[in-house]
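Numbering (numbering that gives the first Met the number 0), first residue to last: 0 to 195.
All residues carry an ideal CB built from backbone N, CA and C; glycine is no exception.
The structure appears below as C-alpha cells.
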Amino acid sequence: MADDSKLSFPRLNEHNYNSWMGDILVKGEDTLPPADKPVERKAWRRDRDIAAGQIYLALEPSQRVHIRGMEEDPIKMWEKLAEVHVQKRPGVRFNAYDVLFNIRKKEDESLVSLMGRVDTAIQDIKALRTKDFKLEDADDELTCMAMIRALPADYSSFVSSLLLLEKLDKAKLQDAFIAEESNPCGGWEAGSPLRV
C-alpha cells in the first residue's frame with residue numbers, strides 16, 4: 000500500500016479541482032501492448048495500477064465515492080472526476096464570476112497573493128467554458144449575470160431555477176423575466192397573501 004502522507008499538494012476535495020488537476024495529470028496516451036508482447040503488457044498494467052493508486056490516494060475520502068468501481072482504470076477515474084467537478088453550465092460559471100468579482104484584498108495579504116487569487120478565479124472560469132466559447136458568449140453571460148444579480152431576495156426561487164438551466168442566454172433570460180412578471184404568483188414571499 001502506498002503512503003498518501005507524501006503528497007506535495009492538497010488532496011482533491013469539493014473545492015480545489017482546478018488546482019488539483021494541475022498537480023496530478025492523466026494523459027491516457029499509452030495503449031495496452033498487443034498480446035504477443037507479454038513483458039510490455041505486464042509493465043503497462045503495472046504502470047496503470049500505479050497511476051490509479053496515485054489518483055486514489057490524492058483524493059479526500061469524500062471524493063472516492065465518485066470513482067467507486069473504476070479504481071483500476073486511471074483514465075475512467077480522471078474522466079469521472081472531471082465530469083463531477085467541471086459542470087459547464089451557466090449557473091456554475093455565474094458562481095465562478097461571483098467569486099471573482101467578490102475578491103477583496105485581505106488586511107494582511109500581499110498584493111502578489113491577491114494577484115494569485117484573482118488568477119486562480121480566472122482559471123476556474125476558463126475551465127468552466129465550453130470548447131466553442133467566444134467573447135460574445137462572455138458578454139451575453141455578463142449581461143445575464145447583471146440581470147440576475149439585480150433581483151431582490153424574494154426572487155430566490157426564480158433565480159435558482161434559472162441557474163439550473165443547461166444553457167442561459169440573454170434572449171432566454173428576457174423571456175423568463177417576462178414570464179415571471181406576468182405570473183400572478185411570481186415574487187411571492189412567505190407571510191404575504193397568496194395571489195391566485
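What does the alpha-carbon distance come out to for the pair residue i and residue j?
i	j	result
Leu24	Ile124	20 angstroms
Val210	Ile49	Since the first residue shown for the chain is 0 and the last is 195, residue 210 is missing from the structure and cannot be characterised.
Asp139	Asn15	27 angstroms
Glu70	Leu150	45 angstroms
Asp168	Glu78	28 angstroms
Asp118	Ala175	33 angstroms
Leu11	Leu58	5 angstroms
Ser156	Lys166	18 angstroms
Asp2	Ala120	Annotation note: pLDDT 49 at Asp2 (below 50); position unreliable, no value reported.
Gly90	Lys36	49 angstroms
Ser181	Ala81	40 angstroms
Gln173	Thr142	11 angstroms
Glu106	Glu135	36 angstroms
Lys26	Pro33	20 angstroms
Leu56	Ala178	49 angstroms
Ser61	Glu13	8 angstroms
Leu113	Ser18	16 angstroms
Leu6	Ala51	15 angstroms
Would a C-beta distance cut-off of 9 angstroms place residue i and residue j closer than the cut-off?
i	j	result
Met144	Tyr96	yes
Leu128	Arg92	One detail in the question is off: residue 128 reads as Arg in this sequence, not Leu. Result yes, Cβ atoms of Arg128 and Arg92 sit closer than 9 angstroms.
Arg47	Asp72	yes
Leu164	Arg88	yes
Val85	Ala137	no
Does the beta carbon of residue i come closer than 9 angstroms to any beta carbon on chain D?
i	result
His84	The displayed structure is made up of one protein chain only, and chain D is not part of it.
Nearest to residue i by CA position, among the options, is which residue?
i	options	result
Asp22	Asp29, Thr30, Glu135, Phe8	Phe8
Met146	Phe100, Val158, Gln86	Val158
Leu99	Ser109, Val85, Gln122	Gln122
* Asked: What are the uninterrupted segments assigned as alpha helix (DSSP H) that are 4 or more residues long and contained completely in the segment 111-170, given in chain order?
  -> 134-148, 155-162
* Unbroken beta strand (DSSP E) runs of length 3 or more, entirely within the segment 13-69: which are they? -> none
* For the segment 64-108, list the beta strand (DSSP E) runs that are entirely contained and at least 3 residues long, ordered along the chain. => none
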